[in-house]
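Participant:
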Amino acid sequence: EDQVTQSPEALRLQEGESSSLNCSYTVSGLRGLFWYRQDPGKGPEFLFTLYSAGEEKEKERLKATLTKKESFLHITAPKPEDSATYLCAVQVNTGGFKTIFGAGTRLFVKA
Amino acid sequence: NAGVTQTPKFRILKIGQSMTLQCTQDMNHNYMYWYRQDPGMGLKLIYYSVGAGITDKGEVPNGYNVSRSTTEDFPLRLELAAPSQTSVYFCASQAGGRGGELFFGEGSRLTVL
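Listed in order, the protein sequences are those of chains A and B. Position 94 (the first sequence) corresponds to 94 in our numbering; numbering is contiguous. Converting from the second sequence to our numbering requires adding 111 to each position, the first position being numbered 1.
1) What first and last residue would you give for the beta strand (DSSP E) that runs through B/R188?
2) So is A/T5 in contact with chain B if we call contact Cβ pairs under 8 Å?
3) Measure the CB-CB distance between B/L187 and B/L124 and report whether it falls below 8 Å.
4) For A/S28, name the three-state secondary structure that DSSP assigns.
5) Of the residues B/Y142, B/G151 and B/C202, which one's Cα is nearest the Cα of A/F97?
6) For chain A, check one thing: does any of its Cβ atoms lie closer than 8 Å to the Cβ of B/M143?
7) Check whether the Cβ atoms of B/S204 and B/Q148 lie closer than 8 Å to each other.
8) May I ask which residues mark the beginning and end of the beta strand (DSSP E) holding B/G162?
9) In whole angstroms, what is the alpha-carbon distance linking B/F214 and B/V115?
10) Does the separation of the CB atoms of A/A103 and B/M152 fall below 8 Å?
11) Anyone know if the C-beta pair for A/L66 and A/E58 falls short of 8 Å?
12) In the region 115-159 of chain B, which residue ranges form an unbroken beta strand (DSSP E) of at least 3 residues, counting only runs that do not cross its ends?
13) Would a C-beta distance cut-off of 8 Å place A/L73 and A/S18 closer than the cut-off?
14) Looking only at its chain, what residues have a beta carbon closer than 8 Å to the beta carbon of A/P78, apart from the 5 residues adjacent to it on each side?
15) Closer than 8 Å, CB to CB, is B/M138 near chain A or not?
16) Nearest-angstrom Cα distance between A/D2 and B/I165?
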C-alpha cells in the first residue's frame, strides 16, 4: 500500500532558528514528490517537485532534498511569515497517475 | 484567471440528505481529484479522474460518487450524508504526466448535523 508519513506533526521555532521537516514514503512506483504550503482556510500552494534521489531545489529560505526513501524540507533562518502547514505528496503510477498526501507538519515561527 | 472553481463554499446538511459539490477547471487539465481534509490533518484522496469518462477510487471513497462527462467538470456526489462526512473538501486539477503541479480550489466546508 502506498504510504506517506511526515514528521514531526508540529514544530515550534524561534525566528532565525533553522530546522528540517521529514517526509518518508513507501510507494510502488514514484513518479514525483511534491511539497506544498497550506495557510489556514486556504487550499495548498505548490512549492517544489522532486523526481529522483539526489535532487535538490531551493526557493527563498526553503530547500527540498530527496533520497530513495525520504525527502527533507530544510528551513533556513525562518521568519514568522513562514508559519504554515507543509504538506508532502507523492505521485504514483497506478496505470494512470494519482497523488497522495501525508498528514502535514504544522510550523510555528515566533518572532 | 479562474483556475479551479468549487461551489458551494459552505453547506450544512442534515443526516440522510444528499448533495453535489461542483468543481470546474478552465485549464484543460486531464487529471482531476477530490480530497477531504479533517481538522489538523492532511488530505485524503476520495476519487480521481485521468480524463473524461474515466474515474477511479482513492483512499476513502465510501459514501461518495463522482462522474466526469467533460474535461472541465468533476462533481462529487454525497448520498445519505453522515456526520463522518463533515469535512473540508478540495478539488484539484493537474495537467497530467510526470510531476505536474496540482492546482487547488478554495475548498468547500461541509457540516452534517
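Glycine included, each C-beta is placed from N, C-alpha and C at the ideal position. Model, not experiment: these values are computed from the prediction.
Facilitator: Reading from the atomic positions:
1) Numbered from its first residue, the second sequence carries residue 188 of chain B at position 77. Counting along the chain, the beta strand (DSSP E) containing B/R188 begins and ends at L187 to L189.
2) Residue mapping note: residue 5 of chain A aligns to position 5 of the first sequence, counting from 1. Not one beta carbon of chain B lies nearer than 8 Å to the beta carbon of A/T5.
3) Mapped onto the second sequence, residue 187 of chain B falls at position 76. Mapped onto the second sequence, residue 124 of chain B falls at position 13. No, Cβ-Cβ distance for B/L187 and B/L124 is not below 8 Å.
4) Here residue 28 of chain A corresponds to residue number 28 of the first sequence, with the count starting at 1. It is coil, neither helix nor strand.
5) Here residue 97 of chain A is taken as the residue at index 97 of the first sequence, counted from 1. Taking A/F97 as reference, the option from B/Y142, B/G151 and B/C202 with the minimal CA-CA separation is B/Y142.
6) Against the second sequence, residue 143 of chain B aligns to sequence position 32. Taking Cβ atoms only, chain A never reaches closer than 8 Å to B/M143, which makes this a no.
7) As a first step, residue 204 of chain B is located in the second sequence; it is residue number 93 there, counting from the start. As a first step, residue 148 of chain B is located in the second sequence; it is residue number 37 there, counting from the start. The Cβ-Cβ distance between B/S204 and B/Q148 does not fall below 8 Å.
8) By one-based count along the second sequence, residue 162 of chain B stands at place 51. Its beta strand (DSSP E) spans residues L154 to G162.
9) Locating residue 214 of chain B in the second sequence gives position 103, where the first residue counts as 1. Locating residue 115 of chain B in the second sequence gives position 4, where the first residue counts as 1. So the two alpha carbons sit approximately 7 Å from each other.
10) Position 103 of the first sequence holds residue 103 of chain A. Position 41 of the second sequence holds residue 152 of chain B. For A/A103 and B/M152, yes; Cβs fall inside 8 Å.
11) Along the first sequence, read from residue 1 onward, the residue named residue 66 of chain A stands at position 66. Along the first sequence, read from residue 1 onward, the residue named residue 58 of chain A stands at position 58. Against a cut-off of 8 Å, the Cβ pair of A/E58 and A/L66 comes out as no contact.
12) As far as the region 115-159 of chain B is concerned, its whole beta strand (DSSP E) runs of at least 3 residues are 115-118, 121-124, 130-136 and 142-148.
13) What you label residue 73 of chain A is simply residue 73 of the first sequence in a count that begins at 1. What you label residue 18 of chain A is simply residue 18 of the first sequence in a count that begins at 1. The Cβ-Cβ distance between A/L73 and A/S18 does not fall below 8 Å.
14) Working through the first sequence from its first residue, we reach residue 78 of chain A at position 78. Excluding sequence neighbours, A/P78 sits near L13, E15, G16, E17, S18, S19, R61, L107 and V109.
15) For the purposes of this step, residue 138 of chain B is taken as the residue at position 27 of the second sequence. With 8 Å as the cut-off, B/M138 does not count as an interface residue toward chain A.
16) Residue numbering aside, residue 2 of chain A sits at position 2 when the first sequence is read from its first letter. Residue numbering aside, residue 165 of chain B sits at position 54 when the second sequence is read from its first letter. Rounded to the nearest whole angstrom, the CA to CA distance from A/D2 to B/I165 is 21 Å.
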